[in-house]
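The block underneath contains the structure these notes are about, expressed in structure tokens.
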Amino acid sequence: MIDFTVDKTTKTVTFSREFDADLSLVWDAYTKQEILDQWWAPKPWTSKTKFMDFEVGGRRFYAMVSPEGDEHWSIQKYTSISPKTNFKLFNAFADKDENPELPGSEWDLNFSEQNGKTTVHISIYNESLVRLEKMIEMGFKEGTAMTLKNLEELLATLSQQK
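Every letter in the sequence shown is one number past the one before it in our numbering, and letter 101, counting from 1, is 102.
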């Protein structure tokens, strides 16, 4: 279901996922805080956004929250937005006071629709090999698969409500 590749020579992770939902709904799921927080964490973790300004130069500051209440913060800065086709952001782990832990990573998210199905292709360039290896050790691949499963289930529910 998920095409996932790690390339240590380019410090890049890429993956794609197709969803049985229209482009507008998938785009909203990635760009609207109230939808994003419903799926952006592998269960039983949850996502909690403190603020999100989806515009070029805007930021999202959020935490992955463990069942015990431990918060792992990240900050994202949106660097480019082409509505319903692509957006790019810079991502860094952070402390609760918004201080980034550098180096970070550059995300490039591409959206396309064909026959009522939407494909999201994501490329993540890490500024250091150490950061890439840390992501992998933290279970990024498994967590991403679980998170995208959450999105698939949410999209099915939201599609039915339309």
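Virtual Cβ for every residue (Gly too), placed ideally from N, Cα, C. If you're wondering where the values come from, they're calculated on a predicted model, not measured in any experiment.
Taking the alpha helix (DSSP H) that residue i falls in, what are its first and last residues?
i	result
Phe141	Phe141 to Gln162
Lys135	Leu130 to Glu138
Asp29	Leu24 to Thr32
Ordered along the chain, which non-local residues of its own chain (more than five positions away) have a Cβ less than 7 Å from that of residue i?
i	result
Gly59	Tyr79
Asp4	Phe16 and Ser17
His73	Ala64 and Met65
Lys9	Leu130 and Leu133
Trp28	Lys85 and Phe112
Asp54	Arg60
Per DSSP, residue i forms a beta bridge with which residues?
i	result
Met53	Arg61
Glu35	Its beta-bridge partners do not exist; DSSP assigns none.
Glu69	According to DSSP, Glu69 bridges with nothing at all.
Pro101	Ala95
Trp41	Trp41 is not bridged to any residue.
Thr6	Thr15
Thr47	Val66
Would you mind stating whether residue i and residue j have Cβ atoms separated by less than 8 Å?
i	j	result
Lys12	Asn127	yes
Leu156	Phe20	yes
Ser83	Met65	no
Leu24	Tyr31	no
Phe91	Gly105	yes
Phe94	Ser75	yes
Arg61	Gln39	no
Quick one: what's got a C-beta closer than 8 Å to residue i's C-beta in the same chain, skipping five residues either side?
i	result
Lys44	Met147 and Asn151
Pro68	Pro45 and Trp46
Thr86	Asn111, Phe112 and Ser113
Ser81	Val57, Asn87, Phe88 and Lys89
Return the first residue and the last residue of the beta strand (DSSP E) that residue i is part of.
i	result
Glu72	Glu72 to Ser83
Ser17	Thr13 to Phe20
Asn127	Lys118 to Asn127
At a Cβ threshold of 8 Å, is residue i touching chain C?
i	result
Thr13	The structure shown contains no chain C, having only a single protein chain.
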